[in-house]
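Enquirer:
Residue numbers (the working numbering): -6 to 331.
Structural data, given as structure tokens:
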């Protein structure tokens, strides 16, 4: 029997995973927001707004009907912005099959609650079928071009992670499993905050020394908060930690790095975001990260400076040098890279 997959979100990443799974012979339905969008996607056989170079396989179809998309599905992939995840789940709840596996590919933390996406899914849908998350250094464009890529599927249920690993792995897209859901999710979400800082540094014309320092100290920050939240330290040295951090902080494809660069050039945040076709999750994650850090009594100096630039009217030229003027410390301390 053909495996049926529903993908919620016509984002670049959602469409990419749809193409990948349809290419493996799965019956894939892409949930569009409107009838007009669904008709356009089916007519053009591509997502012109986000992936103009990638053609949809025959077994990938768009629909504006959640009921049609979710009917008899084995896997539901949630590829919506993190701040709209809960709203989307509430709309979809009556349609989602009780036995379906639920996979979040969104990298963010809910501002109001500081909940991770798997927690939001559990609260709104439950976990009868199994909940997993996907994270790693995975730019949609490179995956659609069949460039060798590795990723991580994390679930508290090893069987669920293994099942999804088998479904999504191809000759160019290699999935690893991990039971540390907290670490994989926070690694994917928090690295966007560090990428904003690296973009600011790059935008000011600072060099490789500065970038390397921000990435390394950024990893320390992400690890500190992750461990305080219950994650395993080793996760942050893997694909969902260091791997995703390096890619997002150095790639020209990184939306968060781009936002940082544009801020350094003097453009207002609102203007930058209004002209982007995708979501820079790091902007909202910065708020949630600092709330979580405060609740867990974790120091995050890079995230604090990013927040000052984004929301407190501090200029990039003031924020980046401020990191150099902090109290001098040991590089590695007992509290995980303190």
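Heads up, the beta-carbon is just placed ideally off N, CA and C, and yes, glycines get one too.
For residue 167, list the residues DSSP reports as bridge partners.
Expert: 143.
Enquirer: State the start and end residues of the unbroken alpha helix (DSSP H) segment that holds residue 111.
Expert: From DSSP, the alpha helix (DSSP H) with residue 111 extends over 110 to 117.
Enquirer: In this structure, does DSSP put residue 40 in helix, strand or coil?
Expert: Reduced to three states, the DSSP call for residue 40 is strand.
Enquirer: Per DSSP, which residues does residue 127 bridge with? Please list them.
Expert: According to DSSP, residue 127 bridges with 146.
Enquirer: In whole angstroms, what is the alpha-carbon distance linking residue 74 and residue 63?
Expert: Rounded to whole angstroms, residue 74 to residue 63 spans 20 Å at the Cα level.
Enquirer: Compare the Cα-Cα distances from residue 231 to each of 196, 67, 144 and 205 and report the closest residue.
Expert: Ranking 196, 67, 144 and 205 by Cα distance to residue 231 puts 144 first.
Enquirer: Decide yes or no for the touch test of the segment 263 to 276 against the segment 175 to 192: beta carbon pairs closer than 8 Å, at least 3 of them.
Expert: The segment 263 to 276 vs the segment 175 to 192: in contact.
Enquirer: Where do the N-terminal and C-terminal ends of the beta strand (DSSP E) with residue 97 fall, by residue?
Expert: Residues 94 to 97.
Enquirer: Where does the unbroken beta strand (DSSP E) through residue 55 begin, and where does it stop?
Expert: 53 to 56 is the span of the beta strand (DSSP E), which, as asked, contains residue 55.
Enquirer: Looking at the unbroken beta strand (DSSP E) that takes in residue -1, where does it start and where does it end?
Expert: Element bounds for residue -1: -3 to 1.
Enquirer: Using 8 Å as the threshold, is the C-beta distance between residue 15 and residue 132 below it?
Expert: No. Outside cutoff.
Enquirer: Let me check one thing: in DSSP terms, what residues is residue 22 bridge-paired to?
Expert: The partner list for residue 22 (beta bridge, DSSP) reads -1 and 54.
Enquirer: So residue 197 is in the alpha helix (DSSP H); what residue range does that whole segment cover?
Expert: It is not in any alpha helix (DSSP H) - residue 197 carries neither H nor E in the DSSP assignment.
Enquirer: Grab the span of the alpha helix (DSSP H) containing residue 333 for me, first residue to last.
Expert: Summary: the structure shown does not reach residue 333, with the chain confined to residues -6 through 331, and so no result is reported for it.
Enquirer: Give the straight-line distance between the Cα atoms of residue 148 and residue 233, rounded to the nearest whole angstrom.
Expert: In a straight line, the C-alpha of residue 148 is about 13 Å away from that of residue 233.
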